[in-house]
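Since the structure comes first, as structure tokens, the remarks are kept for the end.
Residue numbers (the UniProt record's numbering): 1 to 138.
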């Protein structure tokens, strides 16, 4: 706690270089919170990096109300009239729109693809705290 107070006081300094250092430190800490450990990383032809993150570590589960949530890997029931799972999978394989990064690989089972957030992404935001958040329109 004392470190945060010191950082806060230090970052309030009028010196421009010091403020820049504080913002960069804040951005690094924010990126550490956003980018989860990847099981596999795939470089997209357009320069993005796609991290394959275990489904139970996805960022949506960081929400306090979902802290102890257990991700269901398979649906618990099979509605009537739904095609056989293998048939559905083969249809999806032939008709799905491919992502550009699929040219360089796919995520393993039980992982989800998440585009890695870069420093420049966060720096473009009006503030680090607002990065990735929707604007509230009353």
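Positions of the beta carbon are idealized from the N, C-alpha and C atoms, including for glycine.
Distance, residue 19 Cα to residue 72 Cα: What you label residue 72 is simply residue 72 of the chain shown in a count that begins at 1. What you label residue 19 is simply residue 19 of the chain shown in a count that begins at 1. The C-alpha of residue 72 lies about 45 Å from the C-alpha of residue 19.
At least 3 beta-carbon pairs within less than 8 Å: the stretch 95-109 vs the stretch 40-52: Output reads yes: the stretch 40-52 touches the stretch 95-109.
For residue 5, the three-state DSSP class (helix, strand or coil): The count along the chain shown starts at 1 and reaches residue 5 at position 5. For residue 5, the predicted model reports a pLDDT of 49, less than 50, meaning its position is unreliable; a value from the coordinates is still stated below. In the three-state DSSP reduction, residue 5 falls in the helix class (H, G or I).
Cβ contact (3+ pairs, closer than 8 Å) linking the stretch 47-57 and the stretch 21-32: Here the stretch 47-57 makes no contact with the stretch 21-32; the two share fewer than three CB pairs at distances below 8 Å.
Where residue 70 sits in the DSSP three-state scheme: Taking the chain shown and counting its residues from 1, the one referred to as residue 70 is at position 70. Of the three classes helix, strand and coil, the one that applies to residue 70 here is coil, per DSSP.
Residue 51 - DSSP class collapsed to helix/strand/coil: What you label residue 51 is simply residue 51 of the chain shown in a count that begins at 1. Residue 51: strand per DSSP, three-state reduction.
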